Amino acid sequence: MPEPPPPPTVPAAPAGLPLLSVVVPVRNEAPNIAPLIAEIRAAVAGLGPYEIVYVDDGSTDGTAAVLAEEARHGDLVRRRHRVSCGQSAAIATGVKAARGHWIATLDGDGQNDPADIPRLFAAALAEDAADPAPVLIAGHRTTRKDTRTKRVVSRIANAVRARLLGDATPDTGCGLKVFRRADFLDLPRFDHMHRYLPALFLRAGGRVRSVPVNHRPRLRGRSNYGVFDRLGVALFDLIGVIWLQRRGRRPELEPVEEP
């Protein structure tokens, strides 16, 4: 992995508000919550005011109890879906609940490395300084620690998606991403949308930059957002995003003289 970058020059946050909100969707991940939150806190401690937003997507294990205990530290915001609505819905709930200007997302299973957040955040700030248009910084898992089946399915899906959508992103399934909260809230939302964020940001007139990130084997629990449970709807999702791309129009505003 690349050497950790120097801490980014972080702009001041509005008084009383975090600059960065780390959003983590989880479903039945009780054993992973406390270790991952500790890693997140260590990773973002030097990035200015922050908050951690966990969305419990209808868990039936001890996830809610562990989150209640972690919330005693004061930097954790909790939301819970009464029944599971899927990862995209959980991310959307977390972004809406967040107060930070910038959002970092990562999966709650511990396979994404929170130590990569500063690198992605630094890239987002650099892109923002160069151009205020919407920007998505997407993690690229160059060495995946998943099963062979998962790697093969993802490789095929990424190739098909990139060919049809032209989103020029090698790994849209990586949970590590950084973007502005306001830009995300302007996007159309639908189930599984988190896998099409690069195409949606490009459709909105933005740009996407991929950054290599670490990927780790799962140490506790089992996958709750699997491969085969989404294959049946993947084709319809893809057709829908192609339709959105073709139907989207971005007005160009002209300056007007005030009376």
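FYI, the numbering for the sequence shown is -16 to 242, going by the numbering used here. All C-beta atoms, glycine included, are put in the ideal place defined by N, C-alpha and C. Just so we're clear, the structure is a prediction, and the values are computed from it rather than from any experiment.
Cα-Cα separation, residue i to residue j
i	j	result
Arg163	Val118	8 Å
Phe211	Ser67	With a pLDDT of 45 at Phe211, under the threshold of 50, the modelled position of this residue cannot be trusted, and the question is left open.
Val7	Ala187	24 Å
Thr155	His198	14 Å
Met176	Cys157	13 Å
Asp174	Ala113	32 Å
Arg205	Val9	12 Å
Leu159	Thr126	14 Å
Own chain, CB closer than 7 Å to residue i, minus 5 neighbours either side, in chain order
i	result
Ala26	Pro97, Ala98, Ile100, Pro101
Ala54	Arg61
Ala111	Checking the displayed sequence, the identity of residue 111 turns out to be Asp instead of Ala. Correct list, in chain order: Val118.
Where residue i falls, given that 16 or more other Cβ within 10 Å makes a residue buried
i	result
Thr152	buried
Ile225	exposed
Asp169	exposed
Gly91	buried
Leu0	exposed
Val239	exposed
Beta-carbon contacts of residue i that lie in its chain and below 6 Å, excluding the five residues immediately before and after
i	result
Pro115	none
Unbroken beta strand (DSSP E) run spanning residue i, endpoints
i	result
Arg163	160 to 163
Thr46	Here Thr46 belongs to no beta strand (DSSP E); instead the alpha helix (DSSP H) covers 46 to 53.
Residue i: first and last residue of the uninterrupted alpha helix (DSSP H) it sits in
i	result
Val78	70 to 80
Glu110	100 to 113
Leu185	180 to 186
One or two residues paired with residue i in a DSSP bridge
i	result
Asp39	Val9, Arg63
Arg203	Answer by DSSP bridge pairing: none, since Arg203 is not bridged.
Pro195	His123
Ile86	Ser4, Phe162
Glu34	Ser4
Proximal residues to residue i (C-beta, below 8 Å), its chain only, five neighbours per side dropped
i	result
Pro58	The sequence given here has Asp at residue 58, not Pro. So the qualifying residues of the chain are Arg24, Tyr33, Glu34, Ile35.
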